[in-house]
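**Q** I have a structure here, written as C-alpha cells, and I will follow up with some questions on it.
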Amino acid sequence: MKETQLQEQSTQLQAHLIELAHDAIIVRDQAGVIVSWNRGAEELYGWAAQEAIGKVTHELLQTRFPESRAALDSFLATGEQWEGELTHRRKDGAQVIVESRQVITRNSPNLPIAILEINRDITERKQRERENREQNRQLAALVESSDIPIIGKTREGIITSWNRAAERMYGYSAEEAVGRSITLIFPPDRQDEFARIMEQILLGERIDLYETARLRKDGTIIPVSVTISPIHDSDGRITGASDIAHDITERKRVEEQEHFLTEISKVLSSTLDYQETLANVARLVVPQLADWFAVELVDAGGQFELIELAHKDPEQVRWALTLREQYPIDPDAPTGAPRVARTGQSELYTEISDEMLVASARNEEELALARQIGYSSVMIVPLVARGKTVGVVSFVATESGKRYDERDIALAEEVGRRAGVALDNARLYREAQQSRDQLDIILQGVADGIIVYGPDSRIIYANEAAAQMTGYTSIQDMRATRPLGIVDSYELIDEQGQPFVRSQLTHLRVLAGEAEAQATIGYTKTGTGQPVRWSLLKSRPVVDESGEISMVITIIHDITERMMVERRKDEFISMTSHELKTPITSLKGFTNVLQRRLAKQGDEQGLHYLARMDAQLDKLTTLIGDLLDISRMQSGKLALRAETFELDALIDETVENVQAATSTHQLLIEGRTGAEVFGDKERLGQVYINLLTNAIKYSPRADKVIVRLFRDGDPEQAIVSVQDFGIGIDKTHHEKIFERFYQVTDPEEKTYPGLGIGLYISSEIVARHRGRMWVESSKGKGTTFFVALPLQRLDENQTVTRKEDEGLNAERS
Numbered sequence: 002m003k004e005t006q007l008q009e010q011s012t013q014l015q016a017h018l019i020e021l022a023h024d025a026i027i028v029r030d031q032a033g034v035i036v037s038w039n040r041g042a043e044e045l046y047g048w049a050a051q052e053a054i055g056k057v058t059h060e061l062l063q064t065r066f067p068e069s070r071a072a073l074d075s076f077l078a079t080g081e082q083w084e085g086e087l088t089h090r091r092k093d094g095a096q097v098i099v100e101s102r103q104v105i106t107r108n109s110p111n112l113p114i115a116i117l118e119i120n121r122d123i124t125e126r127k128q129r130e131r132e133n134r135e136q137n138r139q140l141a142a143l144v145e146s147s148d149i150p151i152i153g154k155t156r157e158g159i160i161t162s163w164n165r166a167a168e169r170m171y172g173y174s175a176e177e178a179v180g181r182s183i184t185l186i187f188p189p190d191r192q193d194e195f196a197r198i199m200e201q202i203l204l205g206e207r208i209d210l211y212e213t214a215r216l217r218k219d220g221t222i223i224p225v226s227v228t229i230s231p232i233h234d235s236d237g238r239i240t241g242a243s244d245i246a247h248d249i250t251e252r253k254r255v256e257e258q259e260h261f262l263t264e265i266s267k268v269l270s271s272t273l274d275y276q277e278t279l280a281n282v283a284r285l286v287v288p289q290l291a292d293w294f295a296v297e298l299v300d301a302g303g304q305f306e307l308i309e310l311a312h313k314d315p316e317q318v319r320w321a322l323t324l325r326e327q328y329p330i331d332p333d334a335p336t337g338a339p340r341v342a343r344t345g346q347s348e349l350y351t352e353i354s355d356e357m358l359v360a361s362a363r364n365e366e367e368l369a370l371a372r373q374i375g376y377s378s379v380m381i382v383p384l385v386a387r388g389k390t391v392g393v394v395s396f397v398a399t400e401s402g403k404r405y406d407e408r409d410i411a412l413a414e415e416v417g418r419r420a421g422v423a424l425d426n427a428r429l430y431r432e433a434q435q436s437r438d439q440l441d442i443i444l445q446g447v448a449d450g451i452i453v454y455g456p457d458s459r460i461i462y463a464n465e466a467a468a469q470m471t472g473y474t475s476i477q478d479m480r481a482t483r484p485l486g487i488v489d490s491y492e493l494i495d496e497q498g499q500p501f502v503r504s505q506l507t508h509l510r511v512l513a514g515e516a517e518a519q520a521t522i523g524y525t526k527t528g529t530g531q532p533v534r535w536s537l538l539k540s541r542p543v544v545d546e547s548g549e550i551s552m553v554i555t556i557i558h559d560i561t562e563r564m565m566v567e568r569r570k571d572e573f574i575s576m577t578s579h580e581l582k583t584p585i586t587s588l589k590g591f592t593n594v595l596q597r598r599l600a601k602q603g604d605e606q607g608l609h610y611l612a613r614m615d616a617q618l619d620k621l622t623t624l625i626g627d628l629l630d631i632s633r634m635q636s637g638k639l640a641l642r643a644e645t646f647e648l649d650a651l652i653d654e655t656v657e658n659v660q661a662a663t664s665t666h667q668l669l670i671e672g673r674t675g676a677e678v679f680g681d682k683e684r685l686g687q688v689y690i691n692l693l694t695n696a697i698k699y700s701p702r703a704d705k706v707i708v709r710l711f712r713d714g715d716p717e718q719a720i721v722s723v724q725d726f727g728i729g730i731d732k733t734h735h736e737k738i739f740e741r742f743y744q745v746t747d748p749e750e751k752t753y754p755g756l757g758i759g760l761y762i763s764s765e766i767v768a769r770h771r772g773r774m775w776v777e778s779s780k781g782k783g784t785t786f787f788v789a790l791p792l793q794r795l796d797e798n799q800t801v802t803r804k805e806d807e808g809l810n811a812e813r814s
C-alpha cells in the first residue's frame, strides 16, 4: 500500500513538472494521436489541451520534417533519441520553428507505449541567424569591393579573409594569403609586433591609426597606418581581429622632405661661414638624398669654382678632386652644369644610360672614368641669389641605385634656393665685416646689453642697455669703472643659488683661452634686498691679424622671466612628484592585498592582470623617484650616503639582478678592478642599472651586453664600461645626451619612448662622486658608456652639489 502511494506521488510530481515547463511537452501514441499537451504547448501553439488531445500531431501542427515523417519514425524505432529542427503551424496560422527532441517510452516488458516530444521555440533565433547571414553577405561584398585593404585573422594570426585591395597593396592573391600567418607581411625586424598587438586586442582594445611598416611579396617595405579591431562571436567572445591598412608612403615622403628642409634651414642659418655651412649641408644630403653632392660657383666669365664636394667615403672625394683637376668643366658644354648655369633651368636625368656617357665624354679615358663612377641618376639645379644664378648644385646617385623624379628635383631646387640665399648672406656679411669698423657692428638700439672688454678686462665699449642692466646712469660712468668693479657692488649667484665665482665670468674665461663662454648669473645689489635679476652672458673673442685677442664682446640677455618660469616648473615637478607618492604607495598596498585574495581564490586571470598593473605601478614609482631626484639636484639637496664598498661586488650584484629580468640578452663581465670605493652604493647601483637597461633597450637585434672593469693604468681611479651592439648614437648627440630631458631623435631609426632623464641623473650622480661619465659611439655601430670613479674618500658629511659647483667649491677652499 505504501509503495502504491509513493508511485502515485511520483506520478503527480512528474505531471506538475511537465505542466510547469516552459517548453512544449507533447505525448503521443504510436499512431501519432496526442495524449498529453502541457501548458507550454498551449502557449507555443495556441490550442488548449482539450482542443489538441485526440488529434494527430503532424496533422494538427502541419509539421514539416527535415526529411520525412517515415524517416523520423524509423529512427525512433531504433530506441535512440532524435533531435532536430521542425517547422509547425500555430492555431493563428503563424509559422514557428522549433528545436525538437523525441524519444519512445516503453513499459516494463520493454514494449513501446508512447512517444515523448519536447519542443522549444527558436523562431526568433533563426530569424536573427538569417539576418546575420544577410548582413555578413553584404559586409563581405562591401569589404571585397573596398579600395582599402581589409584583412581578417584568427586569434592566432591565421588569415581568414583577404580582399582585392589587400592583393593590390601586398602583392599576394587571396589564395596565397588565406590560411597563412599574418606575419607573412611583417618585415623581419617587426615579427614580434603581432604578439604585442594581439595582447591589446584580446583585452578588447581597438588600435587606431598605428603607424608601422609592412612587407610586400616583391620584398619592398611600405609604410602603413593600420586600424585593428577585435572580432566577437555571438556570445561576445573575441575570435580574431580585422586589419584596415592605409598606404602612407607619399605622406611619409612629404614629411621626410619637410623635415629635411627644416634641418637644411637650421644648418644654413647656424653660421655665416659658408664653407662650414656647405659642409653641414653636405652631411645632410649624403647619403639621404644623394651619393655625391657638389656645389660650384660660376664667375662672370663662366668659369666654375668647386667649393664643396661630398661623398660618404673620404677616399672617393680625394680621388674625385684629382679627376676634377685633370678634367675641368667645359663652360661651353651644351648640357649639364654649364647649361644650368647659363639658363637657370634645372636638369633631371632619371636614368643614366651608357649611350649618354658616350655622348658626353670628351675621350676614351674620360668615358672609362665615368663608367667607373657608376652613375644611375643625376639632378643639377641652379644656385640662385637675389634672382641671379651664381652657381650650380649637383646631386648624383651611384651605388645607392636611386632614381630621381620630378618630386626629387623640386626638393633639390628648394635646397639650391635656400643654399643660394645663405651663401649670399655669408658674402654680404664678409663684405660688411671688411667695410666697417669693428665697433660699428655693435648697435645701440638692441634690447640686450653689449659690453666690449679689452685684453686687460677694462670696458672699452658698452651700450645703453648694458648700463641700465648693471645700474649705471650713463655709459661713461660704466666705462670709468675699474676691472671687476661692476660685480663688486652685486651679490652674484648661480642657478642653484650658490655664490658665483668671479673667475668664471665669461669675458675672463675667454681672455683665459676659451673660444666661447656662456654663463647664467643671478644678481642683486648688495644690501638692498631687491629681487634677484637673471641674465645669460655670452662672450666671444675678436682677434687681430696676429691671432691675439684684441677684445672680448659680451652679450647680456635678461632671462629673469624665463628663470621664474623654470623655477615654477621645477617647483611644480617637485610638488607633483611628492603628491603622487602617497596614492601610489596606497595603490601598491591595495594591489598586494588583492593579490593575496586572488591567490587564495585561484583566479589566475585576475592575478595576471594584477601583475601587469603592479608592473606599471613600479614604472610609475621609478619615474616619480627620477623626477624627485631631478628636483633635489636642481635645489642642491640630493645627499650621498657614503660607505666603503667593493666596486666589483656591486657590479656583480647589479648584473645578476638585471640578467634575471631579461631573456633577450646575455650580460657578460670582463676584468676586475679589485677596487674599493667610498660613496653612495645605492646611487651608483642606480647608474649601472640605467646603463644596462639602456644597453638592452637600444640593441633589440643583439643578444649580448659586455660589462668591462679595469683600472686603465691610473691608480687613482677605476673604470666600468657598458658596451652594446645596437643602433648607436651619432656623434652630434654625444655631448647633449647627458642634458636634462634631452632625447636622441633620428628619422632613420625607431624612436624609443622616454623622458630623457636617466642619463642626466646618472651623470649627476657620478659627478657628485667626483667621477666622470662619457660615451663612445657612432651610428649603427653600438654604444659604450664609461664611468670613471676616483679611489679617494668623499667628505662623509657631504651634501651633494651640482657638477659646476664642485669645481667652484674646490676653488673657494
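Last residue of the sequence shown? That's 814 in our numbering, and every number before it is there in order.
We treat Cβ as the ideally placed atom computed from N, Cα and C, and that holds for glycine.
Since we're looking at a predicted model, the values are computed, not measured.
Would you mind reading off the limits of the alpha helix (DSSP H) that contains F76?
**A** R70 to A78
**Q** Among I229, P500 and T64, which residue has its Cα nearest to the Cα of T527?
**A** Selected option, being the one with the closest Cα: P500.
**Q** On the CB-based measure, 16 or more other CB atoms within 10 Å of its CB, does Y1 come out buried or exposed?
**A** Because the chain in this structure spans residues 2 to 814, residue 1 falls outside the shown range and cannot be described.
**Q** Under the assumption that I738 contacts I730 (Cβ atoms under 8 Å), give the Cβ distance between them as a whole number of angstroms.
**A** Contact holds; Cβ gap of about 7 Å.
**Q** Could you give the uninterrupted runs of the beta strand (DSSP E) lying entirely in the stretch 34-103, keeping only those of 3 residues or more?
**A** 35-38 and 83-90
**Q** Should N695 be labelled buried (16 or more other beta-carbon atoms within 10 Å of its own) or exposed?
**A** buried
**Q** Measure from the alpha carbon of A291 to the alpha carbon of each residue in V394, E657, W48 and T88, then state which is nearest.
**A** V394
**Q** Please look up how many angstroms separate the CB atoms of R156 and G241, rounded, as I've assumed it's under 8 Å.
**A** 6 Å
**Q** Within the continuous beta strand (DSSP E) that includes N120, where are the two ends?
**A** That run of the beta strand (DSSP E) goes P113 to D122.
**Q** For E318 versus L307, is the C-beta spacing smaller than 9 Å?
**A** It should be pointed out that residue 318 corresponds to Val in this sequence rather than to Glu. The criterion of a C-beta distance shorter than 9 Å is not satisfied by V318 and L307.
**Q** Any idea if V594 is buried or exposed, counting beta-carbon neighbours within 10 angstroms, 16 or more meaning buried?
**A** exposed
**Q** Quick check: what's the CA-CA separation for P542 versus N658?
**A** 52 Å
**Q** With a cut-off of 8 Å, do at least 3 Cβ pairs link the stretch 346-357 to the stretch 369-380?
**A** yes
**Q** Are I151 and N133 close, meaning C-beta to C-beta below 9 Å?
**A** no
**Q** Between which two residues does the beta strand (DSSP E) holding G680 run?
**A** Where G680 is concerned, the enclosing beta strand (DSSP E) stretches over E677 to G680.
**Q** Would S182 and I198 qualify as a contact pair, given that the criterion is a beta-carbon distance under 9 Å?
**A** In terms of Cβ geometry, S182 and I198 do not form a close pair [threshold 9 Å].
**Q** When the Cβ atoms of the stretch 538-554 are set against those of the stretch 513-527, are three or more pairs found closer than 8 Å?
**A** With the rule of 3 Cβ pairs closer than 8 Å, the stretch 538-554 counts as touching the stretch 513-527.
**Q** Considering Cα atoms alone, identify which of K253, A768 and T525 is closest to F787.
**A** A768
**Q** Could you pull out every residue in the same chain whose Cβ sits closer than 6 Å to the Cβ of V104, ignoring the five residues on either side in sequence?
**A** Q82 and L117
**Q** Is the Cβ-Cβ distance between L641 and G672 less than 9 Å?
**A** Cβ distance not < 9 Å, so L641 and G672 don't count as in contact.
**Q** Three or more C-beta pairs closer than 8 Å, one from the stretch 406-418 and one from the stretch 262-273: is that the case here?
**A** yes
**Q** Rank V708, E777, P332 and T674 by C-alpha distance to the C-alpha of Q718 and give the top, closest one.
**A** If we check each option's Cα against that of Q718, T674 comes out closest.
**Q** Short of 7 Å in beta carbon distance, which residues of its chain neighbour R563, apart from the five on each side in sequence? Order them along the chain.
**A** none
**Q** Is there contact between the stretch 420-434 and the stretch 398-411, where contact requires at least three CB pairs shorter than 8 Å?
**A** no
**Q** Inspect the CB distances between the stretch 263-278 and the stretch 202-214 and report whether three or more fall short of 8 Å.
**A** no
**Q** Residue range of the beta strand (DSSP E) that I461 falls in?
**A** I460 to A463
**Q** Express the C-alpha separation of V359 and F294 in angstroms, rounding to a whole number.
**A** Going from the Cα of F294 to the Cα of V359 covers about 23 Å.
**Q** What's the gap between the Cα of T663 and the Cα of R613?
**A** If you draw a straight line from the Cα of T663 to the Cα of R613, it comes to about 16 Å.
**Q** Distance, Cα to Cα, M565 vs S235?
**A** 60 Å
**Q** So, helix, strand or coil for Q660, using DSSP?
**A** helix
**Q** Looking only at its chain, what residues have a beta carbon closer than 7 Å to the beta carbon of I26, apart from the 5 residues adjacent to it on each side?
**A** Cβ contact annotation for I26 (same chain, cutoff 7 Å, sequence separation greater than five): I19, N39, G41, A42 and I119, in chain order.
**Q** Identify the continuous alpha helix (DSSP H) that holds Y275 and give its terminal residues.
**A** Y275 to V286
**Q** For D653, which residues in the same chain have their Cβ closer than 8 Å to its Cβ, ignoring the five residues on either side in sequence?
**A** Cβ-Cβ distances below 8 Å link D653 to I670 in the same chain, with the five nearest sequence neighbours on each side left out; the list follows chain order.
**Q** If you measure between the beta carbons of L668 and V708, is that distance less than 9 Å?
**A** Yes, the pair counts as a contact, with Cβ atoms nearer than the cut-off.
**Q** Assign D806 to buried or exposed, taking buried as 16 or more other Cβ atoms, counted over all protein chains shown, within 10 Å of its Cβ.
**A** Here D806 scores only 36 on pLDDT, less than 50, and its place in the model should not be relied on; the value that follows carries that caveat. Classification of D806: buried, given that the 10 Å Cβ count is 16 or more.
**Q** Taking CB distances under 9 Å as the criterion, tell me whether V488 reaches chain D.
**A** As a matter of chain content, chain D is missing from the structure shown, which is built from one protein chain.
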